[in-house]
Amino acid sequence: MRWIVKRALVAVLTIYIVITITFFLIRLMPGSFIEQMIYYYMNTYGYSREEAEMEVYALYNVMPREPVWKQYIEYMLGLLRGDWGKCYSTGAPVLSSLLYFLPWTVFLLSISMTISFVIGIGLGILMAYKRGSKLDSIASTFASISQATPNFILGLLLLYLFAYYYPIFPKRGSYSVMVTPGFTLEFIGSVLYHSFLPMMAYVITSIGGWMLGMRGSAIRVLGEDYVMAAEARGLKSGRIARTYVGRNAILPLFTSFAISLGYMFGGSVFIETYFAYTGIGSTIGLALSWRDYPLIQGGFLLITSAVVFSVFIADILYGVLDPRIRVGGAYA
């Protein structure tokens, strides 16, 4: 139990540090939204600087000349109360705005990760059984290229090829504006159609890691005594692959699955922005262009929490799968 508490404290400390760094870094960005609004009132209505600041304070509850340290304390106290602030651009609460777009990102990432994981695991076992063959060589080369390719680079390539050059898939959006949202086949089909290219960008660039990881893990398991004993007993190769090799080789990859899902969540800004996909990533991209401080902070807090939580879950899974870790290893 103590090792879980340690990991939980590390997770909370990590989130706090990221929140603090994000808060101060954002305020170093030139051309804030509040400053733009102050100049807007000064130039449009002829307000003095003080009058424009009071107008901005009345609208956004932000005092431009308030010391940064005081803003920081108020922000942290607000987070403890569950108040993430209000968006400068829309006036809506930050938390509710992010939660509105969250399901779209979760849908895209979870489906993409599941597809790449399942296919990668299957191909990895095949590569392990065929190690040293031409098939293994070709698959390993593809996996290495896949693992080294950033998903946003592949996303741009897919967008150009299959949305502009060959207009097979839509250029932007999460679903067609001609379709009424609802739990209908038409709407679900439109969502899948619009999400196909960003989904492929995630799948193709992540499948290589699962292939190579499963190949290495399966090769280690193939050398174990119990696998050799099963082969000596004359068990069918398919049963050995499923029961002895696959089941034991896949265990270390479950923890990697949790970590990878968290990091994919963090990289969603680029993919969702390129495809104008409605999600957390594109929302943060727009917030950055608008200099919407509360929305930027809330977005990074949500992404940081997802990454840290996934790593925390992975740590717990490590301890569950291998009790030696929490007894005498890193968690002791």
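In this text, residue positions in the sequence shown follow this note's numbering: the first is 3, and each later residue adds one.
Ideal placement from N, C-alpha and C gives every residue a C-beta, glycine not left out.
Note that the structure is a prediction, hence the values are computed from the model and not measured.
Check	Outcome
Inter-residue Cα distance where the pair is Ser135 and Met230	21 Å
CA-to-CA distance, Glu76 to Ser118, given in whole angstroms	43 Å
Contacting residues, own chain, Cβ-Cβ under 7 Å from Leu160 (five flanking each side not counted)	Leu199, Met202, Ala203
Close Cβ partners of Ser192 (< 8 Å) along its chain, the five nearest in sequence each way excluded	Tyr177, Ser178, Val181
Alpha carbon of Phe267 to alpha carbon of Tyr276, nearest angstrom	15 Å
CB of Phe26 within 8 Å of CB of Trp292, strictly	no
N-terminal and C-terminal residue of the alpha helix (DSSP H) that Ser146 is part of	136-150
Ala308 vs Ile298 beta-carbon contact at 8 Å	no
Lys88 in three-state terms, based on DSSP	strand
Cβ-Cβ distance between Leu304 and Leu110 below 8 Å	no
6 Å CB neighbourhood of Gly210 in its chain, flanking five on each side removed	Ala145, Ser148, Gln149
Cα-Cα separation, Ile206 to Tyr265	16 Å
First and last residue of the uninterrupted alpha helix (DSSP H) at Tyr102	96-131
Pairwise C-alpha distance: Thr151 and Leu163	17 Å
With 16 other Cβ atoms within 10 Å as the buried cut-off, status of Glu68	exposed
Rounded separation between Ile19 and Ala278 - CA only	31 Å
Run of the alpha helix (DSSP H) containing Phe259, from where it starts to where it stops	253-268
Close-in-space but distant-in-sequence residues of the same chain around Thr306 (CB under 7 Å, 5 per side omitted)	Ile17, Val20
7 Å Cβ shell around Val310 - same chain, five flanking residues per side excluded	Ala13, Thr16, Ile17
Proximity of Leu319 and Ala260 at Cβ, strictly below 8 Å	yes
CB-CB length for Ile273 against Phe154, believed under 8 Å	6 Å
Proximal residues to Ile286 (C-beta, below 6 Å), its chain only, five neighbours per side dropped	Val271, Gly301
Cα-Cα separation, Gly331 to Ile6	Because Gly331 carries a pLDDT of 48, less than 50, the predicted location of this residue cannot be relied on, and the following value inherits that uncertainty. Their backbone Cα atoms lie some 13 Å apart in a straight line.
Tyr177 (DSSP reduced to helix, strand or coil)	coil
Lys8 (DSSP reduced to helix, strand or coil)	helix
Close Cβ partners of Gly283 (< 6 Å) along its chain, the five nearest in sequence each way excluded	Ser270, Val271, Glu274
Close-in-space but distant-in-sequence residues of the same chain around Ala243 (CB under 8 Å, 5 per side omitted)	Ile127, Tyr131
Cβ neighbour criterion (16 or more within 10 Å) applied to Arg4	exposed
Limits of the unbroken alpha helix (DSSP H) element including Ser234	Per the sequence shown, residue 234 should be read as Ala rather than Ser. That run of the alpha helix (DSSP H) goes 227-234.
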